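In this note's numbering, the protein residues as written are 5 to 354.
We put the CB at the ideal spot given by N, CA and C, even for glycine.
Computed from a prediction, not measured in an experiment: that's the story for all the values here.
The next block holds one structure in the form of structure tokens; read it before the comments.
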């Protein structure tokens, strides 16, 4: 392979010719590789892409997929795909050659995915992204078959019936939560509707107690055993949420218990499993029906709708990408609002 040592810089570079999709012969040159092996790998990957060969890594296939789909999918759709693939799929597959991915690889990855405790519908959505990328390789890059079809699917297309707590149920539950950190965390989840990852990323700097607001701008994730702060789910997830007086007091009281605490440190230095365990204990002690952590978000939405909050406000407070998402998720909670509207119209016509 035509790779060369750059004696002046002490690095390696690749310089080679290839034929582009229009049949034109072109020179490709790239510098700055620390090892000869890295320069050779770059050339091999580049030529595999040009030749539409599956003798390339999954990471390279993913780049090709994104480039191709950029003009075919809505920007929001492509960004959602990128979020799912780059968070849940690339870490496992990126270094594997596409033509060497087997059903056994897929099942091993599926087992890891299932062990994370995600909702079945979310697992199904992630699995579908892998199927789509490998289907793309079958259709356009000569992959003989999609190993996902042999491995089988995981997750479920339809979600379980939505569960949520009323204010009274939440208060009964909270009365049995012993740890101050858990009490403050559950209060924020119920009264703001933020996601658990958003809660775990919060710092004191995110609160403005004078204006009584909370700024949501990041999310906490545990990836391959590493704890990382990431961008939130979508751009609309970055939002400022007004807080009730009592909730401000709860958070301020909690922070007074923290020892040697910096305003830019995580307020809740735990993982999701901490809140899962605390929820199980308090549900058992209070007799309140157990729900998922994410159902506290549903509970907040239900509370807002019951109060008569406009759908746009609900959508903005939850950080949904658009109102359509909010209606699709919570539209079934609105039927009685039609009756209320008709009654008001009747009153006006009298």
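- Task: Under 6 Å Cβ to Cβ from residue 232, same chain only, skipping five residues before and after it: list those, please.
- Result: 225
- Below 7 Å CB to CB, which residues in the same chain sit around residue 141 once its five sequence neighbours on both sides are set aside? Hits under 7 Å: 58, 65, 102, 147.
- Report all residues from its chain with a CB closer than 7 Å to the CB of residue 43; omit the five preceding and five following residues, and keep chain order. 7, 16, 17, 18, 37
- Compare the Cα-Cα distances from residue 95 to each of 39, 62, 156 and report the closest residue. 62
- How is the beta strand (DSSP E) around residue 246 delimited, first residue to last? 243 to 246
- Query: Between residue 327 and the rest of its own chain, which residues show a CB-CB distance below 8 Å, the 5 nearest in sequence each way excluded?
  - Reply: 315, 316, 319
- Task: Mind checking who residue 232 pairs with in its DSSP beta bridge?
- Result: 225
- Message: Helix, strand or coil for residue 190? Go by DSSP, reduced to three states.
- Response: helix
- Classification of residue 114 by the beta-carbon crowding that lies within 10 angstroms, buried from 16 upward: buried
- Task: Could you name the residues of the same chain whose beta carbon sits closer than 6 Å to that of residue 169, not counting the 5 residues immediately before and after it, in chain order?
- Result: 303
- Residues bridged to residue 303 (per DSSP): Note: residue 303 sits in no beta bridge, so no partner.
- Query: Smallest Cα separation from residue 208: which of 79, 126, 118, 255?
  - Reply: 255
- Query: Going by beta carbon distance, what residues of the same chain come within less than 7 Å of residue 201, once the five residues before and after it are set aside?
  - Reply: 223, 224, 225
- Thinking C-alpha only, which one of 120, 84, 47, 135 is nearest residue 33? 47
- Along the alpha helix (DSSP H) that carries residue 118, what are the first and last residues, could you check? 107 to 118
- Message: Tell me which residue opens and which closes the alpha helix (DSSP H) that residue 37 is part of.
- Response: From DSSP, residue 37 is part of no alpha helix (DSSP H) but of the beta strand (DSSP E) over 29 to 37.
- Segment limits, beta strand (DSSP E) that includes residue 218: 217 to 220
- Task: Please list, in chain order, all residues of the same chain as residue 270 whose beta carbon is under 8 Å from its beta carbon, the five residues on each side excluded.
- Result: 204, 205, 206, 207, 224
- Going by other Cβ atoms of all chains shown within 10 Å of its Cβ, with 16 needed for buried, is residue 99 buried or exposed? That one is exposed.
- Exposure label - residue 85; buried when at least 16 CB within 10 Å: Label assigned to residue 85: buried.
- Would you decide whether residue 154 is buried or exposed? Buried here means 16 or more other CB atoms lie within 10 Å of its CB. exposed
- Query: Do you know whose CA, among 91, 216, 297, lies nearest residue 247's CA?
  - Reply: It is 216 whose Cα lies nearest to the Cα of residue 247.
- With DSSP as the reference, please indicate the residues paired to residue 18 in a beta bridge. 7, 34
- Three-state secondary structure (DSSP) of residue 276: helix
- Task: Please state whether DSSP places residue 143 in a helix, a strand or coil.
- Result: helix
- Query: Does the region 265 to 282 come close enough to the region 180 to 187 that 3 or more CB-CB pairs lie under 8 Å?
  - Reply: yes
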